[in-house]
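See below for the structure under consideration.
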Amino acid sequence: MFSTCNHHYNKRLSHFCQKHDEVICSKCIPESHEECQNVQLIEKAADTAKFGYALSSLESRIQNLKLIVTDMLRVNADNFSTLNDQKQTVKKKIKQIRSGINAYLEKLENELGNDLMEKYKVCAKEIDKERQLYLQQKENLDDWTREIKAMKNHASSVHLFSMAKLLHPRQKANEDSVQKRLADAKTSNIEFEQSRILLDFKRLVMSYGKISIRESPVLMSSAHRKAFVIPSLLSRNDKPPSPVVSKFETSVFGNNVDVVRGCFLPDDRLFIPDSKSKIIYVCKTNGANIKKIKLRHVPKDACVLDRSHALVTCGDSGIMMVDLRTLSPGTMIIPGGHCSAISCNKDKIFVVNDECKVSVVDLKGKVLKQITTRYDPYMITSNKTGVIFWTNYNNNNVNSILPNGTSQNVYSGSDLRESTGIATDNRGNVYVAGCDSSNIISVSRTDKSSKTMYAKRDGISSPLGIALSTDKSKLMVINNKQIRVYRTHSN
């Protein structure tokens, strides 16, 4: 189980690489560890391992991890129980919504029913009134018909003439009355016009609501976090090696310098802007062999474009290209706005040049895209796929912008306070500085989990800018008036 290589099938583990803290087989050496200097036979490296720091630490970590797994099983069981309770609560709410809708529809039905009866009574009364008038006229006409018939058989011509003259104006009045009623005659009808809202009821009330899943992080205790702090596998002195490669005070550049940001050059030297003057300092990782680049503007931030050029933001003046071969300022790239934080990927520049704005700019200064962010980015970095990562000094979040412009929250946690500097390695892991928490954490690309890389015990104190070397094996941290370089074991 522990004697064969993870990378080469059925190959026996035979060597140990101290640089990558990894046991390997003979086939791994030419493929991945050819340039590593501290590769030795596993037997030699394991002289003190049995009773040493690494083995005892590993045993302790296994026990701690077992406790964590047990706790997580308990959390899992509690979560399942809570989930069932939430299901019943949601079902109850759905029924309440349905009952409320039913009660409201029944109220509307009763109101319409009452209104219908009122309208019916009004119409029936008018119809009956009209009917009574016609019945009365019909009865009068029947009487006149009978009287005329009787007088024609028995009355004299004088009586018939007199009757005709008397009935004529009455008949004329009846004809006029009927003619007027016919002209104004209307039938009463009851109609029902359905509400326009109800005509589109299915679209307006597409659902009672929406069922969604919200995931909440499981908070880990500090004791649990210690189980994930992985020491070196082996050490000849039976002590974990110091992660610090070098350190020096920023006063080597002068007493009044203000160093907040910087980056590694391809030759492993440091490229340090002074935000109080128009100078950039170039030096070795231990602060030796200092060179000055005098600029025309005060630098804000810097990143490496290629092996021969670096980019330096200069506020309202734009972005200056610096020739790394001659260590001299070059042409200005002017995208507009106040240029501060910067990163680049091939021929694309990512720059913060307005409040809550990140612009994608080409080398001629043309703005290809401008992305609005929720908060104002403090520092930014980018990976080889073009994903932009950024921090905001006033909160504890790490955010990203995908190439299509979509924004995402990468990480937020209690172990990171006042996020400042940010960098990303070749594996997609993100390194973030916490100014108030005085630590550097790394966030995994795969599962977004975090671990503390360096803390106060490692000399971290209110860090601001951070940067990874070209081969990602070293991390520069700009502390309070101090610059430290740490090994990362990243490749």
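Residue numbering for the sequence shown follows the UniProt record's numbering, starting at 1 and increasing by one per position. Beta carbons are placed, not taken as given, at the ideal position from N, Cα and C, and that holds for glycine. None of the values given here were measured: they were computed from a predicted structure.
CA nearest to the CA of residue i, picked from the options
i: GLY315; options: SER328, MET332, THR326; result: MET332
i: GLU248; options: GLN482, LEU464, TYR486; result: Correcting the residue identity first, residue 248 is Phe in this sequence and not Glu. Nearest C-alpha to PHE248: GLN482.
i: GLY330; options: HIS338, GLY337, GLY336, ILE319; result: ILE319
i: residue 517; options: GLY421, GLY413, ARG445, ASN439; result: This structure does not reach residue 517, given that the chain is present from 1 up to 491, and the question cannot be answered.
i: PRO266; options: ALA310, VAL430, HIS168; result: ALA310
i: CYS339; options: LEU327, VAL361, THR326; result: VAL361
i: LEU468; options: ILE440, SER461, ARG181; result: ILE440
i: GLY434; options: PRO243, ASN395, GLN408, ILE190; result: ASN395
i: SER242; options: GLU139, LYS19, SER438; result: LYS19
i: LEU402; options: ALA423, THR385, LEU368, ILE148; result: THR385
i: ILE290; options: SER251, LYS11, SER162, VAL322; result: SER251
i: SER437; options: ALA423, ASP115, LYS456, CYS28; result: LYS456
i: ALA302; options: LYS284, GLY287, THR285, ARG261; result: ARG261
i: residue 504; options: GLU109, ALA124, VAL75, ASN174; result: What the structure shows of the chain is the stretch from 1 to 491, and residue 504 is not part of that stretch, so it cannot be assessed.
i: GLU375; options: PHE389, MET72, SER156, CYS28; result: First, the amino acid is wrong: residue 375 is Tyr here, not Glu. Of PHE389, MET72, SER156, CYS28, the residue nearest in Cα terms is PHE389.
i: LYS165; options: ALA288, ILE148, VAL39, GLN37; result: ILE148
i: GLY287; options: VAL298, SER275, PHE271; result: PHE271
i: GLY405; options: MET163, VAL398, VAL387; result: VAL387
i: ASN38; options: GLY413, THR470, LYS366, HIS15; result: HIS15
Status (buried if at least 16 other CB within 10 Å, exposed otherwise) for residue i
i: ASN237; result: Reliability fails at ASN237, whose pLDDT of 47 lies under 50, so the model's placement of it is uncertain and the value that follows must be treated cautiously. Exposed, since its Cβ has fewer than 16 Cβ neighbours within 10 Å.
i: ALA185; result: exposed
i: GLU193; result: exposed
i: ILE349; result: buried
i: CYS356; result: exposed
i: SER450; result: buried
i: LEU324; result: buried
i: GLU22; result: buried
i: TYR120; result: exposed
i: SER442; result: buried
i: PRO282; result: Correcting the residue type first, residue 282 is Val in the shown sequence and not Pro. It counts as buried.
i: ASP425; result: buried
i: VAL122; result: exposed
i: residue 492; result: In the structure as shown, the chain begins at 1 and stops at 491. Residue 492 is therefore absent and cannot be evaluated.
i: PRO463; result: buried
i: CYS17; result: buried
i: THR70; result: exposed
i: VAL430; result: buried
i: GLY413; result: buried
Nearest-angstrom beta carbon gap, residue j and residue i [assumed within contact, 8 Å]
i: THR391; j: VAL432; result: 6 Å
i: ASP415; j: THR452; result: 6 Å
i: ILE279; j: LYS294; result: 6 Å
i: SER359; j: PRO335; result: 6 Å
i: VAL312; j: PRO273; result: 6 Å
For residue j and residue i, the rounded distance between their alpha carbons
i: LYS474; j: ARG296; result: 31 Å
i: SER382; j: ASP354; result: 18 Å
i: ILE24; j: SER419; result: 37 Å
i: LYS472; j: GLN96; result: 58 Å
i: ASP258; j: ILE380; result: 19 Å
i: LYS66; j: GLU59; result: 11 Å
i: CYS263; j: SER343; result: 10 Å
i: SER277; j: LYS292; result: 12 Å
i: ASN255; j: LEU13; result: 53 Å
i: ARG269; j: ILE42; result: 34 Å
i: ASN479; j: ALA45; result: 35 Å
i: GLY465; j: LEU327; result: 22 Å
i: GLY100; j: MET117; result: 26 Å
i: ARG61; j: SER317; result: 53 Å
i: VAL245; j: GLY459; result: 12 Å
i: LEU105; j: TRP144; result: 59 Å
i: ASP142; j: SER195; result: 50 Å
i: LEU233; j: CYS5; result: Because the pLDDT of LEU233 is 47, which lies under 50, any placement of that residue in the model is unreliable, and the number read from its coordinates should be weighed accordingly. Roughly 16 Å between the two C-alpha positions.
i: residue 563; j: ASN10; result: What is shown of the chain runs 1 to 491, which leaves residue 563 out entirely.
i: ASN114; j: GLN88; result: 39 Å
i: LYS93; j: GLU111; result: 27 Å
i: ALA423; j: LYS91; result: 47 Å
i: VAL485; j: ASP347; result: 28 Å
i: ARG487; j: LEU83; result: 44 Å
i: SER400; j: TYR411; result: 9 Å
i: VAL158; j: LYS138; result: 27 Å
i: residue 504; j: LEU160; result: The shown model of the chain, from 1 to 491, leaves out residue 504, and the question about it has no answer.
Strand pairing of residue i, partner residues [DSSP]
i: ASP301; result: THR313
i: GLU22; result: CYS17
i: SER439; result: The question names Ser, but residue 439 is Asn in the sequence shown. Looking at the DSSP assignment, ASN439 forms a beta bridge with GLY434.
i: PHE248; result: ILE483
i: THR452; result: ILE441
i: ALA467; result: MET476
i: MET332; result: MET320
i: THR70; result: Partner(s): none; THR70 has no beta bridge.
i: CYS36; result: Answer by DSSP bridge pairing: none, since CYS36 is not bridged.
Any chain D beta carbon closer than 8 Å to residue i
i: ALA77; result: Looking for chain D here will not work: only one protein chain is present.
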